[in-house]
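Residue numbers (our numbering): 365 to 637.
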Amino acid sequence: MTESFKEIKLIASDMDGTLLSDQGELPKELKSYVDDLQDQGVIFGIASGKPYYALEAVFKDRIKEMALVCSGGTFVSYEEETIYNSTISQSAYRELISLIKGASKGIPALIANDKAYFDSQAKPYYNDFSDYVKIEFVDDLGQVEAEVNKVTAYFPDYDNKDYLQEYQEQISAPYTVMPSGAKWIDITMEGQSKGHGLDKLLEKLNYSPSELVVIGDSGNDTEMLSLTPHSFAMKNASDQVKSYANYTTSQSNNDQGVLEVYKKVLAARKESK
């Protein structure tokens with residue numbers, strides 16, 4: 365297996381359910397693995413539904429060397445340089461807020477480049493999304509003026525799969541509706557995804573998909589899992605998500621399964637030298 369990973373130059377890992385444990389903890393040995401990857405000429409990347417500033421807070425000591433595909437692929441950066449930025453107009457996100465409020469259960473939020481704006485109804489559930497770091501609770505999201513990358517519906521006590529079909533029926537072109545983890549449904553401009561964001565990054569770096577490894581576990585990871593032959597679904601992913609990947613880790617996110625992939629890439633790179 366190491367043979368096929370010798371040319372890898374970029375690894376992009378999802379966060380929740382992939383790199384992070386269910387308790388939100390990073391693998392204890394992550395720093396050592398990232399150091400080794402960088403020594404072998406492999407860029408350490410993250411592809412997440414979280415915004416840039418939330419990822420920056422987690423990886424503040426690494427941010428100058430990293431590739432980040434943020435907010436579900438709508439914002440992409442490498443070495444702190446903006447590569448791609450897809451935004452939603454104020455008139456469009458006002459319409460989406462109304463649609464979410466008219467649908468079942470979801471609480472709307474706007475994920476922008478400066479902070480996350482949550483409907484005030486979400487205040488009691490702050491601990492669920494405190495990792496967004498910069499949060500403002502707003503009584504009327506329609507009055508917010510910001511550079512918004514995505515609109516999301518938050519389901520504090522529910523499983524989003526129970527409501528995904530309803531959202532997809534009510535919200536169509538020019539938007540894309542995707543599940544994110546168990547408690548979120550994300551809405552972006554049509555065609556946006558982690559896979560699309562990684563495409564933009566590969567173009568900037570002049571890399572091919574065969575030089576990329578991706579790792580994910582959720583419905584919003586399927587496009588990037590389809591992007592490269594070097595795609596890994598986590599053991600804890602659903603069978604549907606696993607069907608998009610060419611490999612599955614033997615361990616879950618709670619057992620640091622993502623490190624298996626880093627080991628494979630490192631072994632291949634070292635063997636090729």
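All C-beta atoms, glycine included, are put in the ideal place defined by N, C-alpha and C.
Selection 559, 377, 593 evaluated against residue 575 yields 593 as nearest (Cα-Cα).
The C-beta distance from residue 583 to residue 605 rounds to 7 Å, short enough to fall under 8 Å.
The Cβ neighbour count for residue 556, taken over all protein chains shown within 10 Å, is at least 16; the residue is labelled buried. In this structure, residue 519 sits away from residue 487, with a CB-CB distance that is not shorter than 9 Å. Apart from sequence neighbours up to five positions away, the residues of its chain that approach residue 571 with a beta-carbon distance below 7 Å are 373, 374, ordered along the chain. At the C-beta level, residue 493 and residue 501 stay beyond 9 Å of one another.
For residue 391, the CB contacts under 6 Å within the same chain, skipping 5 residues up- and downstream, are 620, 623 in chain order. Less than 9 Å separates the beta-carbon of residue 414 from that of residue 495. Positions of the alpha helix (DSSP H) runs, each at least 4 residues long and wholly inside the stretch 446-516, are given as 454-466, 490-493 in order along the chain. Nearest to residue 421 by C-alpha distance, out of 498, 630, 462, 437, is 498.
In this structure, the CA atom of residue 474 is about 14 Å from the CA atom of residue 541.
Per DSSP, reduced to three states, the secondary structure at residue 519 is coil, with no helix or strand assignment.
The three-state secondary structure of residue 557, taken from DSSP, is coil. When beta bridges are read from the DSSP output, residue 542 appears opposite 550. Taking 9 Å as the cut-off, the beta carbon of residue 514 is found closer than this to the beta carbon of residue 452.
With contact defined as three or more Cβ pairs closer than 8 Å, the stretch 405-412 and the stretch 432-443 are in contact. Residue 459 and residue 477 have their C-alpha atoms spaced approximately 20 Å apart. Going by DSSP, residue 419 is part of no beta strand (DSSP E) but of the alpha helix (DSSP H) stretching over 416-422. Between residue 381 and residue 632, the gap from beta carbon to beta carbon reaches 9 Å or more. Excluding its 5 nearest sequence neighbours in each direction, residue 534 has C-beta neighbours in its own chain below 7 Å: 463, 467, listed in chain order. Taking 4 residues as the minimum length, the alpha helix (DSSP H) runs contained wholly in the stretch 564-597 are 586-589, in order along the chain. Taking the C-beta atoms as reference points, residue 446 is found no nearer than 9 Å to residue 553. The beta carbon of residue 561 sits closer than 6 Å to the beta carbons of 433, 437, 440 from its chain, once the five residues preceding and following it are set aside; these are given in chain order.
In this structure residue 528 is not in contact with residue 551, their Cβ atoms being roughly 12 Å apart against a cut-off of 8 Å. Just so you know, the alpha carbons of residue 630 and residue 596 end up roughly 15 Å apart.
Taken in chain order, the unbroken stretches of beta strand (DSSP E) that lie wholly in the stretch 385-442 and span 3 residues or more are 407-411, 431-434, 439-442. For residue 377, the beta-bridge partners assigned by DSSP are 410, 579.
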